[in-house]
Amino acid sequence: MRVAATRPASSAPVALLAALALLFLVGSASLAIGAMASHVLGGKSENPAAANSLETDGLARFAVDEHNKPISGGHEPGWRDVPVHDPVVKDAASHAVKSIQQRSNSLLPYELVEIVRAKAEVVEDFAKFDILMKLKRGTKEEKMKAEVHKNLEGAFVLNQMQPEHDESSSQ
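Right, here's the structure in full:
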């Protein structure tokens, strides 16, 4: 005669699966703890696969150079020739003539005859205009060079002025 097993047949695989799951979790936890012990959060770690090649370095330099280029319509440093008929140049020249007149002790007023040449430079929070003007005072004509600044609010300030002598007579 045969004796029947006292345990149901389905409990053995469940116990085996539970033991394997426990073993898997314990193994995963110990691996994670070991990994955390060797790395500091936010610490420096070397990754040889991320080493830059010459191609990557060249591409990075190109990207930085492109980023640093002025945007079209932007301002590059240094003096630039600007059209003498530009309204801002005309306003700067007009302000220069008024300021020169206020500083003058002449009874004859200065009149703007012509803007001979104009240059502009943008500096942080203002624009500088270097303007060569032909002025008339009575019957006498003379050339005057002026540097006029325009601030962000749009106000002009005469920074400096000096008579300009013809280059042909100074040689």
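Residues -31 to -1, 1 to 140 (mature numbering (1 follows the signal peptide of the UniProt record, and there is no 0)) are what the sequence shown spells out, left to right. Backbone N, C-alpha and C fix where the C-beta goes; we use that ideal spot for every residue, glycine too.
- DSSP, reduced to helix, strand and coil, places L10 outside both helices and strands of the structure shown, so it counts as coil.
- Around the beta carbon of D99, a 10 Å sphere encloses 16 or more other beta carbons of the protein chains shown; the residue is thus reported as buried.
- Non-local beta-carbon contacts of H54 in its own chain, meaning distances under 7 Å to residues more than five positions away in sequence, are absent.
- Distance check between Q129 and each of H36, S75, E116 and N120 places E116 closest, using alpha-carbon atoms only.
- CA-to-CA, the gap between I84 and M102 works out to about 4 Å.
- A Cβ-Cβ contact shorter than 8 Å links L121 with F95.
- In this structure, the beta-carbon distance from Q131 to K119 does not fall below 8 Å.
- In this structure, R106 keeps its C-beta atom at 8 Å or more from the C-beta atom of S68.
- When DSSP states are grouped into helix, strand and coil, H134 belongs to the coil group.
- Put simply, of G47, L81 and E133 the residue whose alpha carbon is nearest the alpha carbon of V91 is G47.
- Straight across, the Cα-Cα distance linking N37 with T108 is about 52 Å.
- Rounded to whole angstroms, the Cβ separation of K88 and D50 is 6 Å, and the two are in contact under 8 Å.
- A32 sits away from L127, with the two beta carbons spaced by 8 Å or more.
- Under DSSP, Q71 takes part in no beta bridge, so it has no partner.
- As computed with DSSP, E90 is found in a beta bridge with K97.
- Of the candidates R86, K97, A124 and V57, the residue whose Cα lies closest to the Cα of E133 is R86.
- With respect to the C-alpha of E80, the residue from E35, E93, V58 and E110 having the closest C-alpha is E110.
- When rounded, the separation of the alpha-carbon atoms in Q70 and L104 is 11 Å.
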